[in-house]
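The listed protein sequences correspond, in order, to chains A and B.
So the first sequence is numbered by my numbering: it starts at 52 and just counts up by one.
So the second sequence is numbered by my numbering: it starts at -15 and just counts up by one.
For reference, the structure is listed below as structure tokens.
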Amino acid sequence: MTTVEDAGAAIGRKGTDWRRIATRHGWTIGVYILLLLLILAYIWALAPVAFTSFDLKTIVIGGLPLAFAAMAQAVIVISGGIDLSLGVMVAVINVIAASLMENQSFATSLLIAVGLMVIGVLMGAINGGLVVLTGVPDIVVTLAMSFVWGGVALVIMRTPGGGSPIEYQALGTGIFFSEWIPAGAVVIALVLALVWLPIRWRRPGFAIYAVGSNRDRAYLSGVNVGITRVLAYAIGGFFAAMGGLAATATTGIGTPYAGTFITLNSVAAIVLGGVSLAGGKGGVVGPVAAAFCLTLVPSIMVFQGIDPNYGQVIQGALIVVVVMLGGLVLLRERR
Amino acid sequence: MPLLDVQNVAKRYGPVVALKSADLVVEPGEVHALLGANGAGKSTLVKILTGVIRHDAGTIQVNGKDVRIGSPEGARRVGFAPVFQDPALLPDLTVAQNMRLTRTPIAGVREWLERMELTVDLTEMTGDLPLPTLRMLDLARALARDPQLLMLDEITAALPSDLAEKVFAVMRDWRERGRSVLFISHRLAEVTATCDRASVLRDGRTVGTLVPKPGEEEKIVELMLGESRTKLAQQIEAATGESEAPAVEVEATAGETQLEVRNLVVGDDPDGVSFAVRAGEILGVAALEGQGQDLLFDYLAGERKPPSGEMIVSGKPFTPRHPYEAIRSGVVLVPADRMLALLPQRPIRENIATPLYNRLTRWGPINRGDENRRVSNAIERLSIDTRAQRQARRLSGGNQQKLTIARWLAAGFTTMLCFDPTRGIDVGTKRQIYALLRELAEAGAAVLLFTTEFPEIQLVCDRTIVVYRGAVTAEMPASEADEPALLKAAHGLTEEAAAA
Chain A
52 MTTVEDAGAA
62 IGRKGTDWRR
72 IATRHGWTIG
82 VYILLLLLIL
92 AYIWALAPVA
102 FTSFDLKTIV
112 IGGLPLAFAA
122 MAQAVIVISG
132 GIDLSLGVMV
142 AVINVIAASL
152 MENQSFATSL
162 LIAVGLMVIG
172 VLMGAINGGL
182 VVLTGVPDIV
192 VTLAMSFVWG
202 GVALVIMRTP
212 GGGSPIEYQA
222 LGTGIFFSEW
232 IPAGAVVIAL
242 VLALVWLPIR
252 WRRPGFAIYA
262 VGSNRDRAYL
272 SGVNVGITRV
282 LAYAIGGFFA
292 AMGGLAATAT
302 TGIGTPYAGT
312 FITLNSVAAI
322 VLGGVSLAGG
332 KGGVVGPVAA
342 AFCLTLVPSI
352 MVFQGIDPNY
362 GQVIQGALIV
372 VVVMLGGLVL
382 LRERR
Chain B
-15 MPLLDVQNVA
-5 KRYGPVVALK
5 SADLVVEPGE
15 VHALLGANGA
25 GKSTLVKILT
35 GVIRHDAGTI
45 QVNGKDVRIG
55 SPEGARRVGF
65 APVFQDPALL
75 PDLTVAQNMR
85 LTRTPIAGVR
95 EWLERMELTV
105 DLTEMTGDLP
115 LPTLRMLDLA
125 RALARDPQLL
135 MLDEITAALP
145 SDLAEKVFAV
155 MRDWRERGRS
165 VLFISHRLAE
175 VTATCDRASV
185 LRDGRTVGTL
195 VPKPGEEEKI
205 VELMLGESRT
215 KLAQQIEAAT
225 GESEAPAVEV
235 EATAGETQLE
245 VRNLVVGDDP
255 DGVSFAVRAG
265 EILGVAALEG
275 QGQDLLFDYL
285 AGERKPPSGE
295 MIVSGKPFTP
305 RHPYEAIRSG
315 VVLVPADRML
325 ALLPQRPIRE
335 NIATPLYNRL
345 TRWGPINRGD
355 ENRRVSNAIE
365 RLSIDTRAQR
375 QARRLSGGNQ
385 QKLTIARWLA
395 AGFTTMLCFD
405 PTRGIDVGTK
415 RQIYALLREL
425 AEAGAAVLLF
435 TTEFPEIQLV
445 CDRTIVVYRG
455 AVTAEMPASE
465 ADEPALLKAA
475 HGLTEEAAAA
């Protein structure tokens, strides 16, 4: 029989336990290795043209909005929910930003960006609040809300348009010190370090994992389940806003109907990034890499001379396969 | 002034009264036991005190002040720290994160773990720790909050004896500090060894508070039982008009062994449970909550794979990987929760026919003629009230339970597993279900019947086994299985134990 002493002796090693780090973060490490491999494949597909810092920048620019959307979806799914309106929220923020920032100074556009982050938090809180108050499943509420937000986006901007100052665009498309450090990657790292990690390693973060892990036990542990779930959606709303602002920076304009694709891709990215669809497991760092993986695959295919129209088929198939794998993992865990 | 003073606390769930009038007085510096048979209201009272549910009537005073405990957090604020029957730590957080989540001082947790001489890596993921460790961590967490009243609900149930000893040492220590413990356990020997006083609940009322002394366990059982057999037994006897169970005559007609279980491990006991049921026999399983009966039925019904032990049905090894395979082998389950078995929104006939679809035809069109014939037969035999035909959920509880049995009648079976089939059913329908089970047995079925209501055993079964901590502690013919005998055996108070 295993007594506590045995268990303690088996695990009570001093120093850095590499094996535990490997098992606990193995998935995340694996996703970054996959990303590295895909970048190598990208370089190989590009040949004989040389891979330059410009290509690295292109990769970051291409995946930036999705990376933020994946962060948003990760937080919400870890808390035991799912938000199918995320992509459309990204589009709403994108079109508001593009219509307000057009012909504005850099300082004003930064002010607008801050305001839109607040609006993102509010949109997320509305989604979460509706889920908690009505008790209707997350999927239903957020799918319905995706039509509301989609309508809002179209009211603001019927066709792609608007604009943003060059300096603002540089936040997404520029470089940071070295031409090999794209600004977009730095922005993601900053948001992770300054926004997510402080929450993650404090009580609200534990509460988000707790609520997704087991709602009853979380309640018995004194966690306010309702508020925590709304908080997760609100944080998701913030990241979605970052995604919209990133889309404005990287494309320079607003596009009102890019939403659905981002939503589905965000779900695929979190599954590939190691988040359990059952909640409670996974992190935000893995899905970021997974988002870039998902945007790299179609570009590699296109470089290989495949008809760009197949790109969408491939990306769609990729989503189906990845999400299906996530479902299978879930099934095995429930056994 | 008492630390905790509970007066006339009542709780009802719709028409079901879970707690009529509970009183409980816990003094400072006291280890107080809360006792009662199944359904006496213990767990309801604990849930009220821990803020999981709210009471309807009565008062709760802590240190002389009225309190209303609205949530688990509220219970903590008044100085209660519960250790629940199921581990409460979240599996996807590390131990340390769990402590921070509940605002528990981590130094206190370390101190208590040290005092109990336990080594636990607090950075370990909680889900990776073994169950006994989790219980001890739950305890250390409760203690670290420095509560006035520590509530231990069946804490020793999953603990090996060396760890259980540590728990008792902590309880004594806690008492010496002038703090109190509310101790809930089915193990009367533990109660008499560790508790200063004990309050006994019966049928939702506090029937007495006593000083438990070693060797007087049987007295406590008598208090739990009341002067005579419970009302239920009398009611049923009045309703059936026959006070004797038809045990003897069936004994002679019982056929060959239909279901046999050998060394199936369902709890603490490494040798597990072994028993056999013959065709034409109803074997009772008497047990208090959490003695391993849930696992036993899960294994037999194919819901889980047993880790060790053998199951034999109709002379062949029985290793179902899925309920479907169990049903194919003729082993069917009637669960306590009827909604688990039925399709509540669907009509009665469809509910009965569902298990038939496995048998009638797998891919081709369903033979409606055969289906109708079998379904009509089943309805007729069970006299199910079919006025509410459209949806099974509109039926009364009793008729729903009949429906779950009817499904198997239509589909055919050799062995029926009944897990507390009369839970929450009125006496008249109970009588019909008993009669039906007897009839099934006489037709040659083997029936395994677990029931939380011990008087039922004598009314329906031919023989009974008593399961205590994952082992069969007694086996007796129905004629001897009166309520006092069963309750004693179910608390582990067997003749051998008394002699030892």
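Heads up, the beta-carbon is just placed ideally off N, CA and C, and yes, glycines get one too.
Could you give the C-beta distance for residue i and residue j, rounded to a whole number, given that I count them as a contact under 8 Å?
i, j, result
"B/V51", "B/Q45", "7 Å"
"A/G223", "A/I313", "Rounded, the Cβ-Cβ distance is 15 Å, inconsistent with contact."
"A/P338", "A/A125", "4 Å"
"B/E244", "B/I168", "In fact, because the Cβ distance is near 36 Å, the residues do not count as touching under 8 Å."
"B/I535", "B/L121", "Because chain B in this structure spans residues -15 to 484, residue 535 of chain B falls outside the shown range and cannot be described."
"A/G330", "A/S130", "7 Å"
"A/I133", "A/T210", "About 30 Å separates the two Cβ atoms, so there is no contact after all."
"A/A320", "A/L345", "6 Å"
"B/L29", "B/A6", "5 Å"
"B/G162", "B/P12", "6 Å"
Can you give the Cα-Cα distance for residue i and residue j, rounded to whole angstroms?
i, j, result
"A/V348", "A/A298", "20 Å"
"B/L420", "B/K386", "9 Å"
"A/A92", "A/I351", "7 Å"
"A/T279", "A/Y270", "11 Å"
"B/E149", "A/A176", "49 Å"
"A/L381", "A/G263", "14 Å"
"A/V276", "A/R266", "7 Å"
"B/Q81", "A/G333", "15 Å"
"B/V250", "B/P339", "28 Å"
"A/A118", "B/R125", "39 Å"
"B/E282", "B/G188", "Looking at the sequence provided, one finds Asp at residue 282 of chain B rather than Glu. B/D282 and B/G188: Cα-Cα distance of roughly 30 Å."
"A/G362", "B/L317", "52 Å"
"B/Q69", "B/P116", "12 Å"
"A/F289", "A/G166", "11 Å"
"A/W231", "A/V353", "24 Å"
"B/A17", "B/N(-8)", "18 Å"
"B/I53", "B/D137", "18 Å"
Under 9 Å between C-beta atoms, does residue i make it to chain A?
i, result
"B/Q375", "no"
"B/S55", "yes"
"B/V36", "yes"
"B/T43", "no"
"B/V407", "Before going further, note that residue 407 of chain B is Arg rather than Val in the sequence given. No, B/R407 does not count as interfacial toward chain A."
"B/R99", "no"
"B/R60", "yes"
"B/M295", "no"
"B/M135", "no"
"B/M109", "yes"
Check whether chain B comes within 9 Å of residue i, counting only Cβ atoms and requiring the distance to be less than that.
i, result
"A/V274", "yes"
"A/L89", "no"
"A/R75", "yes"
Tell me, please, which residues DSSP counts as bridged to residue i.
i, result
"B/R181", "B/H16"
"B/G315", "First, the amino acid is wrong: residue 315 of chain B is Val here, not Gly. DSSP lists B/T399 as partners of B/V315."
"B/E334", "Note: B/E334 sits in no beta bridge, so no partner."
"B/A455", "B/Y452"
"B/T435", "B/A270"
"B/A430", "B/T399"
"B/S5", "B/R189"
"B/E294", "B/R246"
"B/P134", "Sequence inspection shows Leu at residue 134 of chain B; the Pro mentioned does not correspond to that position. In DSSP, B/L134 forms a bridge with B/A65 and B/V165."
Name, please, each residue of chain C whose Cβ falls closer than 9 Å to the Cβ of residue i.
i, result
"B/M155", "Absent here is chain C; the protein component of the structure consists of chains A and B."
Report task. Please name the residues in the region 65 to 76 of chain B whose beta-carbon is closer than 9 Å to at least one beta-carbon of chain A, in chain order. Result -> P66, F68, D70, P71, A72, L73, L74, P75 and D76
Report task. For the region 320 to 346 of chain A, enumerate the residues whose C-beta is nearer than 8 Å to any C-beta of chain B, in chain order. Result -> G331 and K332
Query raised in the report: Going along the region 266 to 295 of chain A in order, which residues come within less than 7 Å of chain B, judged by CB to CB distance?
Result: R268, A269, Y270, L271, S272, G273 and V274
**Report entry** Residues in the region 235 to 267 of chain A having any Cβ partner in chain B nearer than 7 Å
**Finding:** R254, F257, A258, Y260, A261, S264 and N265
Query raised in the report: Taking a cut of 8 Å between CB atoms, which residues from the region 80 to 93 of chain B lie near chain A?
Result: Q81, N82, R84, L85, T86 and R87
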